[in-house]
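Only one structure is covered here, and it is reproduced in the block below.
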């Protein structure tokens, strides 16, 4: 019974959307394109330090994060050319330093790529 | 396996844009976005000990025709006719993915593990090398900067750090030194405006009456936790 009710509810919502879409009118025959800079919390010189246990990278410490990034989520992926592993952690309100533990320790190689993404705040 | 999705996201720098409203006019289409700050880092580490991605050695005034490219340590020393300099180079072409020539280098850090510190706080100067050299051939007499001490002048250094045991010195205990920033040089290497021949490190004042020496772990030591590293953090979207 409840499934039927949910179904009706979804159908009603879909109908509403369709109704709105049907009312869209184009007032111009030209379509423009533009590029908008995605907002970033910083362009600072973040420090990146791999933390080792024996011959593997177990975590990455990212430092010098400004307070503007406080509350963001820091996502880290380390790729050693063979495998990769990720982790994430919250940035403290005041910024500073964050250590992200990798899901799987990565063997140290001659060259590693570390991708950092600050999402938010 | 490469983290393609994340790298693509970093390259585009434009994910997380979401449609929030569609109203009766196309002109009123609105978008909202979220801060999205991608950085990429390439870390070049002198491992294994046989790698050619990193070459390092010492040239010694006191053994001017000797080559020390196969030694487990390298040293900077200031003394009366016994000055020593470090030559070190990291091959940035080993970075995968390659660092684009258009990339903006946010920070490049030279990481050297110091094992023996001088009793006086010494300033170490970093100079980009301007001619090629090889690890197993370079000597004091054949080094690109020549045999004159205190040359090139300190004013042309592109990086510097302090090392020594006295309190207040920037690096006063064994471990990776801090402060050896080479961002400007690496930006030029990446952009192609100068060729990467590595760096020469020397004491800021060579020819000290009292010999002052600092010793670092070389790649030949084969101890991963002490290997020379170059850490380059950059963005592909300014």
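Residue numbers (my numbering), protein chains in the order written: chain A, 1095 to 1215; chain B, 910 to 1147.
A virtual CB, placed ideally from N, CA and C, is assigned to each residue, including glycine.
For residue i, the residue or residues it bridges with in DSSP
i               : result
residue 951(B)  : 1207(A) and 1141(B)
residue 1108(B) : 997(B) and 1037(B)
residue 966(B)  : 996(B)
residue 1031(B) : 1072(B)
residue 1014(B) : 1143(B)
residue 1159(A) : 1190(A)
residue 1066(B) : DSSP output for residue 1066(B) lists no bridge partner at all.
residue 1184(A) : 1167(A)
9 Å Cβ cut-off: residues of chain B touching residue i
i               : result
residue 1166(A) : 944 and 946
residue 1194(A) : Ordered by position in chain B, no residue passes the 9 Å Cβ test against residue 1194(A), which lies about 13 Å from the chain.
residue 1157(A) : Ordered by position in chain B, no residue passes the 9 Å Cβ test against residue 1157(A), which lies about 10 Å from the chain.
residue 1215(A) : 943 and 944
residue 1184(A) : Result: empty, since nearest Cβ-Cβ is about 14 Å, beyond 9 Å.
DSSP three-state assignment for residue i, whether helix, strand or coil
i               : result
residue 1158(B) : Residue 1158(B) is absent from the model: chain B starts at 910 and stops at 1147.
residue 934(B)  : Confidence in residue 934(B) is poor, its pLDDT being 48 and thus under 50, which makes the residue's placement unreliable; the coordinate value appears in the next sentence. Three-state DSSP puts residue 934(B) in a strand.
residue 1052(B) : coil
residue 1225(A) : Residue 1225(A) falls outside the range modelled here, since chain A spans only 1095 to 1215, and no answer is possible.
residue 1191(A) : strand
residue 1149(A) : coil
residue 1024(B) : strand
residue 1130(B) : helix
residue 1179(A) : strand
residue 1173(A) : strand
residue 1196(A) : strand
residue 1213(A) : strand
residue 1102(B) : coil
residue 1115(A) : Bear in mind that a pLDDT of 41 at residue 1115(A), under 50, signals an unreliable position, so the number given afterwards is only what the model happens to contain. Reduced to three states, the DSSP call for residue 1115(A) is helix.
residue 1080(B) : strand
residue 1135(B) : helix
Partner residues on chain B for residue i, Cβ-Cβ distance less than 8 Å
i               : result
residue 1133(A) : 942, 943, 944 and 945
residue 1136(A) : 946
Extent of the continuous beta strand (DSSP E) run through residue i
i               : result
residue 1042(A) : Residue coverage of chain A in this structure runs from 1095 to 1215, which leaves residue 1042(A) outside it and unanswerable.
residue 985(B)  : 982-987
Neighbouring residues, chain A, relative to residue i (Cβ below 9 Å)
i               : result
residue 1006(B) : 1207
Within chain A, the residues that residue i reaches when beta carbons sit closer than 7 Å
i               : result
residue 1069(B) : Simply none; closest approach about 17 Å.
residue 1134(B) : 1146
Partners in chain B for residue i, counting only beta-carbon separations shorter than 7 Å
i               : result
residue 1142(A) : 950, 1140 and 1142
Heavy atom of the ligand SAH within 7 Å of residue i beta-carbon
i               : result
residue 1057(B) : With respect to the ligand SAH, the structure offers nothing, as it holds no ligand at all.
Under 8 Å by beta carbon: chain A residues contacting residue i
i               : result
residue 1021(B) : Under the 8 Å cutoff, chain A gives no residues; its nearest Cβ is about 14 Å from residue 1021(B).
residue 953(B)  : 1204 and 1205
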